[in-house]
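Here is the structure we will look at, set down as structure tokens.
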Amino acid sequence: MKIRETKDIRVINRLTILNLINKEQKISRAEIANNTGLNKATVSTIVKELIELELIEETEIGDSNGGRRPIILMLKEDIGYIFSIDINITHIEFIISDIGNNIIQKKYLNIIDENFYNTYNYLCNFLDETIKKLPKKKYGIIGIGVSVRGVVDLNGIIRLIPKLGWRNINIKALLEEKYKIPVFVDNDGNFSAMAEYEYYKNLKDLIVINIDEVITSGIISNGQIIRGFLGFANAIGHHVINHDGEKCVCGKRGCLEMYCSNSAIIQKIRLKKDVQTISDFINLVKKQDKDSILILNDFLDNLSIGLTNLIYILNPELIVINSIIFEKLPELIPDLEKRIVLPITNFQDIAVSKVGEISSLKGALTYTKEQFYKTILNF
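Residue numbers for the sequence shown follow this note's numbering, beginning at 7 and rising by one.
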């Protein structure tokens with residue numbers, strides 16, 4: 007038992023040091039010891055092991071206040087590739103990055119057929135051609151992170167993407183069988199929460215809301231993603247805010263998504279104006295178009311109802327909104343906060359996303375890399 011405990015501590019220490027180097031980008035052995043509380047001998051031993059695994063490398067000589075100048079450590083970035091895939095309602099976004107999160111390739115693929123297997127074959131044909139052109143690396147493709155705009159269970163099975171009609175699809179198993187690479191599938195809200203949380207490590211509880219063609223969320227409590235019993239805890243887009251409201255594709259009436267998604271806004275403004283995109287709507291708002299302002303106010307009212315319910319249930323320290331509307335019109339945040347009247351909690355802390363439209367891709371990348379580290383270090 008003691009041997010097992012010693013091994014576990016050693017693995018945890020290796021992962022702690024590797025994650026610290028990943029976070030700081032450039033750091034000395036002495037700084038690692040100061041940050042982790044580990045003694046210098048332990049740090050030196052683990053650093054040597056990580057160098058032998060080619061996960062990190064020694065680079066430049068650091069500054070010194072006297073005495074021997076420290077050698078700087080950093081990730082070895084070119085040892086492998088990470089594939090991140092974001093399956094939206096109308097398109098698929100794809101990026102290849104290295105271990106240092108540097109984007110090597112980015113591709114946008116339109117979904118021209120809502121049939122899953124046709125779309126899957128289309129995606130695989132693209133992946134096959136892409137893989138053929140990649141130069142060889144020590145660890146090759148270390149993993150694939152797949153983000154979807156739908157309900158994903160704890161086993162990574164897509165239970166439902168309402169607007170595409172996809173049900174009970176094990177894309178994880180399909181991709182792993184074809185490419186013999188670890189695949190990690192999750193809802194885009196959860197991946198976005200992972201990406202945003204990198205900027206809010208001082209907080210324990212926050213919620214990330216993604217607003218585009220659909221509405222999803224990611225919930226972090228005590229520093230961990232909350233998934234619920236079957237993994238469906240973050241389906242905020244299908245919280246009912248009007249039981250006599252419009253019929254949703256999920257089968258219910260009055261879902262938040264029917265009032266606050268980009269597609270819902272465009273559908274409403276098109277009754278008044280010749281508008282094609284959400285950017286067109288934002289431009290009309292900036293010009294103080296009366297019809298657009300009315301729709302915007304309805305949007306803020308309905309969103310405030312949804313957020314108020316979340317705040318009372320989950321009591322987060324912060325809500326992060328990932329939406330092009332708030333990105334282009336950040337002055338709306340104080341207005342939204344005023345509409346959330348909560349005398350009990352006094353909650354009024356809402357922020358615009360720091361990551362933006364690639365948040366789910368970045369979260370998928372981050373999670374895939376974390377799992378690679380755990381595997382190679384026998385965590």
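Here a beta-carbon is modelled for each residue, glycine too, at the ideal position from N, C-alpha and C.
Inspect the beta-carbon positions of phenylalanine 238 and valine 157 and report whether they are closer than 8 Å.
-> yes
From asparagine 174 to lysine 296, what distance separates their C-alpha atoms?
-> 44 Å
Same chain only: Cβ atoms within 6 Å of glutamate 63, ignoring 5 sequence neighbours per side | Lys82
When Ile52, Leu209, Ser90, Asp280 are compared against isoleucine 15, the one with the closest alpha-carbon = Ile52
Output the residue ranges of the beta strand (DSSP E) runs that lie fully inside the region 91-165 and measure 3 residues or longer, sorted by chain position.
-> 97-103, 109-116, 147-154
Spell out a yes or no on whether the region 368-379 and the region 191-207 are touching, meaning 3 or more CB-CB pairs, one atom from each, closer than 8 Å.
-> yes
How about glycine 229 and lysine 144: do their beta carbons lie closer than 8 Å?
-> no
Leaving out the 5 sequence neighbours to the left and right, which residues in its chain are closer than 7 Å to isoleucine 187 when beta-carbon positions are compared?
-> Ile147, Gly149, Ile150
Over the uninterrupted alpha helix (DSSP H) stretch that includes phenylalanine 287, give me the two end residues.
-> 284-292
Straight-line Cα distance separating isoleucine 217 from glycine 224 = 12 Å
In chain order, what residues of the same chain lie with their CB nearer than 6 Å to the CB of glycine 162, ignoring the 5 residues before and after it?
-> Lys178, Val191
Given a threshold of 16 other Cβ atoms within 10 Å of its Cβ, counted over all protein chains shown, does proline 336 qualify as buried or as exposed?
-> exposed
Output the boundary residues of the alpha helix (DSSP H) element that contains lysine 304.
-> The amino acid at residue 304 is misidentified as lysine; the sequence shows aspartate. Unbroken alpha helix (DSSP H) run through aspartate 304: 296-320.
With 16 other Cβ atoms within 10 Å as the buried cut-off, status of isoleucine 327 = buried
For the alpha helix (DSSP H) that arginine 345 lies in, which residues bound it at each end?
-> 338-345
Rounded straight-line distance, which links the Cα of glutamate 55 to that of cysteine 266 = 51 Å
Glutamate 11 versus asparagine 384: straight-line alpha-carbon distance, rounded | Its pLDDT being 46, under 50, glutamate 11 is placed unreliably in this model, and the coordinates cannot settle the point.
Can you round the beta-carbon distance between glutamate 219 and glycine 243 to whole angstroms, since I take them to be within the 8 Å contact cut?
-> Actually they do not touch by this definition, with Cβ atoms about 10 Å apart.
C-alpha distance - cysteine 261 paired with glutamate 252, whole-angstrom precision | 8 Å
In angstroms, rounded to a whole number, what distance separates the CA positions of isoleucine 9 and isoleucine 18?
-> The predicted position of isoleucine 9 is uncertain, since its pLDDT is 37 and thus under 50; no value can be drawn from it.
Leucine 133 versus isoleucine 91: straight-line alpha-carbon distance, rounded = 11 Å
In three-state terms, what does DSSP make of glutamine 273?
-> helix
Which stretch, first to last residue, makes up the beta strand (DSSP E) that contains phenylalanine 190?
-> 189-193
Evaluate contact between the region 269-277 and the region 315-325, counting only Cβ atoms and requiring at least three cross-stretch pairs below 8 Å.
-> no
Classify glutamate 60 as helix, strand or coil using the three-state DSSP reduction.
-> coil
So, using beta-carbon positions, are glycine 312 and histidine 249 closer together than 8 Å?
-> no
Can you check whether the CB of methionine 80 is closer than 8 Å to the CB of threonine 96?
-> no
Methionine 7 versus threonine 22: straight-line alpha-carbon distance, rounded | Reliability of the predicted coordinates at methionine 7 is poor, the pLDDT of 30 falling under 50, and no value is obtained from them.
Hey, would you say leucine 302 sits closer than 8 Å to isoleucine 101, going by beta carbons?
-> no
Specify, as a first and last residue, the run of the beta strand (DSSP E) that serine 221 falls within.
-> In the sequence as presented, serine is not what sits at residue 221; that position holds isoleucine. Element bounds for isoleucine 221: 221-227.
Exposed unless 16 or more other CB atoms sit within 10 angstroms - verdict on lysine 410 = The question about residue 410 has no answer, for the chain in this structure spans 7 to 385.
Could you give the DSSP three-state label for lysine 8: helix, strand or coil?
-> Note that lysine 8 scores a pLDDT of 36, beneath 50, so its modelled location is shaky and nothing firm can be said.
Determine the contact status of threonine 125 and isoleucine 137, defining contact as a CB-CB distance below 8 Å.
-> no
With C-beta atoms as the reference, is isoleucine 356 less than 8 Å away from glutamate 343?
-> yes
Limits of the unbroken beta strand (DSSP E) element including arginine 75 = No beta strand (DSSP E) holds arginine 75; DSSP gives it neither H nor E.
Return the chain-ordered list of same chain residues with a C-beta closer than 7 Å to the C-beta of aspartate 457, the five sequence neighbours on each side being excluded.
-> Because the chain is modelled from 7 through 385, residue 457 falls outside the range shown and cannot be assessed.
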